[in-house]
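As given, the protein sequences belong to chains A and B, one line each in that order.
Those letters in the first sequence? Residues 1 to 416, per the UniProt record's numbering, in order.
Those letters in the second sequence? Residues 1 to 416, per the UniProt record's numbering, in order.
No residue lacks a Cβ here, since even glycine has one placed at the ideal position from N, Cα and C.
Values in this document were obtained by computation on a predicted structure and should not be read as measured data.
Protein chains: 2
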Amino acid sequence: MKLKNNRNPISVAEAVFRVVERARRTGTETVPLAESYGRILVEPLAATHDVPHFDRSPYDGFAIRSADSAGASRDRRIKFKVIDHIGAGDVSKVTIGDFQAVRIMTGAALPSGADAVVMFEQAIVTEHSFTIRKAFAPQENLSLQGEDMRAGETVVPAGSFIHPGTVALLATFGYGQVQVARRPVVGILSTGTELLDVHSPLEPGKIRNSNGPMIAAQLARMGIPYKMYDTAADQLEECLLTVREALVETDCLITTGGVSVGDYDYLPEIYEQIGADVLFNKVAMRPGSVTTVAVSEGAFLFGLSGNPSACFTGFELFVRPALLKMMGADKTYLPRTTALLAEDYPIANPFTRFIRAVHDRTSVRPAGFNKSNAVSSIARGNSLIVLPGGTRGYAAGDPVDVLLLGVEEGTDEWVL
Amino acid sequence: MKLKNNRNPISVAEAVFRVVERARRTGTETVPLAESYGRILVEPLAATHDVPHFDRSPYDGFAIRSADSAGASRDRRIKFKVIDHIGAGDVSKVTIGDFQAVRIMTGAALPSGADAVVMFEQAIVTEHSFTIRKAFAPQENLSLQGEDMRAGETVVPAGSFIHPGTVALLATFGYGQVQVARRPVVGILSTGTELLDVHSPLEPGKIRNSNGPMIAAQLARMGIPYKMYDTAADQLEECLLTVREALVETDCLITTGGVSVGDYDYLPEIYEQIGADVLFNKVAMRPGSVTTVAVSEGAFLFGLSGNPSACFTGFELFVRPALLKMMGADKTYLPRTTALLAEDYPIANPFTRFIRAVHDRTSVRPAGFNKSNAVSSIARGNSLIVLPGGTRGYAAGDPVDVLLLGVEEGTDEWVL
């Protein structure tokens with residue numbers, strides 16, 4: 001029988017640091033703008049022109065020469081003659097002279113000679129003219145060229161996630177194609193003699209594999225493609241073959257199970273046989289203390305626990321930032337906030353504890369049954385509470401750190 | 001010339017309510033589990049069996065009869081004989097007798113006769129036996145059948161967003177196919193004579209269409225398919241034709257521009273010509289007060305402002321909950337939190353104001369230039385600050401409501 005390994009736990013922060021430090025950049029590819037959402041920008045997004053690129057009217061109204069409005073008052077209205085009429089996209093061919101104006105719609109370019117805009121509600125309008133009762137300053141009611149962005153300015157840095165606002169900017173500057181990071185291809189291998197396929201009927205002592213599909217969904221949430229390997233029984237040779245195959249076919253392999261110190265946990269031996277550099281094999285965290293990360297020929301081997309809750313957490317804490325760093329992302333860590341614990345959590349935390357939880361606005365509540373082999377709480381939560389190692393229990397109302405994992409779902413209550 | 005419309009602003013809450021109230025359910029379809037991430041469950045997810053469905057060991061150790069351990073102490077160690085050895089997925093064929101034990105790995109089914117587990121670290125182990133120094137209670141160190149979930153229990157309600165944890169549960173219960181809501185097909189039509197295609201060089205007075213691609217990305221973020229119509233100049237007949245076409249081809253049409261009271265804003269007339277029921281055409285909000293929503297033959301017509309920031313906000317406030325409600329989602333509103341304003345915002349808010357902002361942990365800061373025609377701040381932010389109408393300016397440190405819109409990106413700082 002195998003001797004029990006001696007493993008020295010390292011802190012979660014140290015473990016995350018060791019992983020991120022070893023991440024190597026994937027390549028670059030070009031995608032059409034319409035497919036760029038969710039990708040990572042590999043080059044800074046620079047303004048190719050001023051925005052706006054011409055002085056324009058932000059209102060429906062009349063373009064005038066402000067000098068002509070000097071001295072206007074309630075008792076001394078000044079009258080302007082309307083000599084043209086333009087909408088957004090039109091350019092007036094006229095040049096405005098003394099007490100002349102152009103009727104102008106929101107977004108239209110300021111006509112030659114004009115330097116201010118009178119809003120409709122600031123004028124008394126007749127068919128071909130209008131009067132005003134106040135003086136207008138030069139540039140009053142104008143959107144000035146370059147006030148939003150200047151040509152050449154870096155508007156979004158390299159490494160940024162492309163979200164809908166980024167897409168709007170890319171479109172503005174004529175980027176029909178976008179240079180983005182190639183997404184790593186990730187292999188998923190669930191190990192365990194107890195694992196049945198989702199389509200199989202239950203058998204005594206066996207359970208259906210939930211970790212494989214869950215990780216596939218965690219990758220789908222990040223928009224990252226994956227290759228699912230057939231579930232492997234706890235047999236050294238079979239696992240070893242699949243790991244070798246995956247190292248050729250993918251940029252990174254995530255395994256579940258087999259990393260603990262049980263009699264049939266073969267991953268440690270596999271790391272040894274392929275000569276992998278084990279970054280750590282014990283982390284001071286619950287769940288998932290046996291999480292192991294290794295690097296072999298530049299490829300990551302993420303050895304996640306077979307316990308669903310530990311597996312889920314291990315992915316979000318270690319795999320996610322590694323994949324984002326591989327793509328050159330500058331924001332690799334989970335979004336987070338601080339919230340008030342909605343109920344007592346009396347258990348002490350020798351190791352840092354991650355608790356699947358429901359976050360709503362400013363409070364957070366454990367999502368339920370929270371053993372590391374529980375699967376229900378993963379589905380019920382939208383966040384993880386983080387309780388640092390070395391702390392005692394927490395009371396309702398205590399502020400705690402919260403990692404926001406499922407906020408794409410939203411809430412059932414309108415904010416206002 | 002057209003007379004200025006008289007429009008009565010309604011509150012944002014009332015506008016949202018009017019929209020959601022009119023949302024009609026889309027149909028149902030079945031997708032493979034591997035494609036279910038991001039969809040909406042149309043049926044409650046019920047447990048098809050207990051979880052675990054057998055008593056099992058949560059540790060590596062030895063299964064014993066607890067009664068045999070009675071009286072054990074440091075000075076009176078009790079010895080057990082190991083008669084079998086099983087891993088997860090194995091079922092022992094033996095029944096444990098007096099002072100007998102089965103060596104058992106995490107996840108394996110408890111052998112017949114056993115009712116407790118001795119962890120390795122609680123035993124002194126020799127080749128075929130071990131001794132213990134304390135008594136074990138019945139069910140000590142066990143994972144009991146049904147402790148996580150009970151057969152028949154509704155684990156996730158209908159209307160839930162399918163996230164990775166939900167996928168894990170679906171897999172556990174053998175749902176290889178999932179009943180989900182059909183996603184509505186959404187049409188996008190950008191209107192405006194000033195609009196150029198992303199591939200076109202700039203022209204005087206014209207700008208590239210950024211709203212169309214931005215909305216496409218907002219839909220992509222929700223996993224919703226769309227049909228992009230050719231940009232329409234501000235011409236009544238052309239727009240009317242496209243709107244009629246879209247009403248046949250899609251479940252819902254989003255237009256940008258043309259909803260204000262300018263001389264070339266034809267959407268109000270189009271709603272009239274097609275006999276649409278206008279739910280509102282003025283909302284007490286900035287930006288986007290001219291946002292108009294109508295319903296025609298059961299299909300939504302979202303008339304968003306052509307100003308990028310107003311367009312962005314209008315989508316998230318009105319289109320998003322409508323689409324989610326159409327799919328039967330139970331959490332239709334944006335995730336939100338409360339945070340402390342990082343800088344003064346001295347402007348008064350006659351209407352409710354939505355400010356594109358950067359949220360980090362417990363603070364939030366306006367993302368920059370915030371006129372409704374600005375596009376840079378949309379790209380720079382990850383959230384919206386909500387300042388209720390009727391309030392005066394806010395000071396740094398004031399708590400404000402925050403809608404979390406871009407949290408899929410995360411943060412650049414590790415939480416611990």
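{"Item": "Top-ranked residue by Cα proximity to A342 (chain A), from A:A294, A:Y264 and A:V358", "Value": "A:V358"}
{"Item": "Nearest residue (CA-CA) to P287 (chain B), options B:G389, B:P321 and B:S57", "Value": "B:G389"}
{"Item": "Environment of H53 (chain A) [buried if 16+ CB atoms lie within 10 Å]", "Value": "buried"}
{"Item": "Beta-carbon gap between S260 (chain A) and V290 (chain A) smaller than 8 Å", "Value": "yes"}
{"Item": "Proximity below 8 Å, CB of T28 (chain A) to CB of A181 (chain A)", "Value": "yes"}
{"Item": "Minimum Cβ-Cβ distance from D412 (chain B) to chain A less than 8 Å", "Value": "yes"}
{"Item": "Those residues which DSSP pairs with R361 (chain A) across a bridge", "Value": "B:T337"}
{"Item": "Three-state class that DSSP yields for residue 421 (chain B) in the structure shown", "Value": "Lying before the first or after the last residue shown, residue 421 (chain B) is absent from chain B, which here runs from 1 to 416."}
{"Item": "Residues sharing a beta bridge with P32 (chain A), DSSP", "Value": "A:Q177"}
{"Item": "Where Q235 (chain A) falls, given that 16 or more other Cβ within 10 Å makes a residue buried", "Value": "exposed"}
{"Item": "The region 143-155 of chain A in contact with the region 40-59 of chain A per 3-pair CB rule at 8 Å", "Value": "yes"}
{"Item": "Ordered list of alpha helix (DSSP H) runs contained in the region 1-76 of chain B, each at least 4 residues", "Value": "12-21"}
{"Item": "Cβ of Q218 (chain B) within 8 Å of any chain A Cβ", "Value": "yes"}
{"Item": "Cβ pair G107 (chain B), R56 (chain B) closer than 8 Å", "Value": "yes"}
{"Item": "Closer than 7 Å: A108 (chain A) CB and nearest the ligand NAD heavy atom", "Value": "No copy of the ligand NAD appears in this structure; indeed no ligand is present at all."}
{"Item": "Below-8 Å beta-carbon distance, H49 (chain A) vs any chain B residue", "Value": "yes"}
{"Item": "Per-residue contacts from H53 (chain A) into chain B (C-beta, under 8 Å)", "Value": "L202 and I207"}
{"Item": "Sequence ranges, beta strand (DSSP E) only - wholly within the UniProt domain \"MoaB/Mog\" (187-325) of chain A, length at least 3", "Value": "226-228, 252-256, 277-280, 292-296 and 299-304"}
{"Item": "Within-8 Å CB hit, E408 (chain A) to chain B", "Value": "yes"}
{"Item": "Min CB distance A63 (chain B) to chain A below 8 Å", "Value": "no"}
{"Item": "Simplified DSSP state of R380 (chain A), which is helix, strand or coil", "Value": "helix"}
{"Item": "Straight-line Cα distance separating D90 (chain A) from A135 (chain A)", "Value": "27 Å"}
{"Item": "Inter-residue spacing [alpha-carbon to alpha-carbon] between I355 (chain B) and Y271 (chain A)", "Value": "51 Å"}
{"Item": "Cutoff 8 Å: R365 (chain A) Cβ touching any chain B Cβ", "Value": "no"}
{"Item": "Meets three-Cβ-pair contact criterion under 8 Å: the region 32-41 of chain A and the region 166-175 of chain A", "Value": "yes"}
{"Item": "Burial state of K81 (chain B), where buried means 16 or more other Cβ atoms lie within 10 Å", "Value": "exposed"}
{"Item": "Under 8 Å from the C-beta of F312 (chain A): neighbouring residues of chain B", "Value": "P164, G165 and A168"}
{"Item": "8 Å Cβ cutoff, K4 (chain B) in contact with chain A", "Value": "Per-residue confidence for K4 (chain B) stands at a pLDDT of 46, beneath the threshold of 50, marking its modelled position as unreliable; the derived number appears in the next sentence. For K4 (chain B), the answer is yes, since a Cβ of chain A falls inside 8 Å of its Cβ."}
{"Item": "Sequence-distant residues of the same chain with beta carbon closer than 6 Å to A109 (chain B), five excluded per side", "Value": "F54, R56 and V91"}
{"Item": "Under 9 Å (Cβ pairs) to chain A, residues found in the region 370-389 of chain B", "Value": "K371, S372, N373, A374, V375, S376, S377, I378, A379, R380, G381, N382, V386 and P388"}
{"Item": "Neighbourhood of V375 (chain B) by C-beta, 8 Å cutoff - its chain only, sequence neighbours within 5 removed", "Value": "S210, P308 and S309"}
{"Item": "Same chain, Cβ closer than 6 Å to V51 (chain A), neighbours up to 5 away in sequence not counted", "Value": "D148 and M149"}
{"Item": "Close beta carbons around M285 (chain A), own chain, < 6 Å, minus the five adjacent residues each side", "Value": "V12, F351 and T352"}
{"Item": "Partner residues on chain E for R221 (chain A), Cβ-Cβ distance less than 9 Å", "Value": "Absent from the structure is chain E; the protein chains it does hold are A and B."}
{"Item": "Chain-ordered chain B contacts of L33 (chain A) [CB-CB under 7 Å]", "Value": "V198 and P213"}
{"Item": "Helix, strand or coil at G80 (chain B) [DSSP, three-state]", "Value": "Before going further, note that residue 80 (chain B) is Phe rather than Gly in the sequence given. It is a strand residue."}
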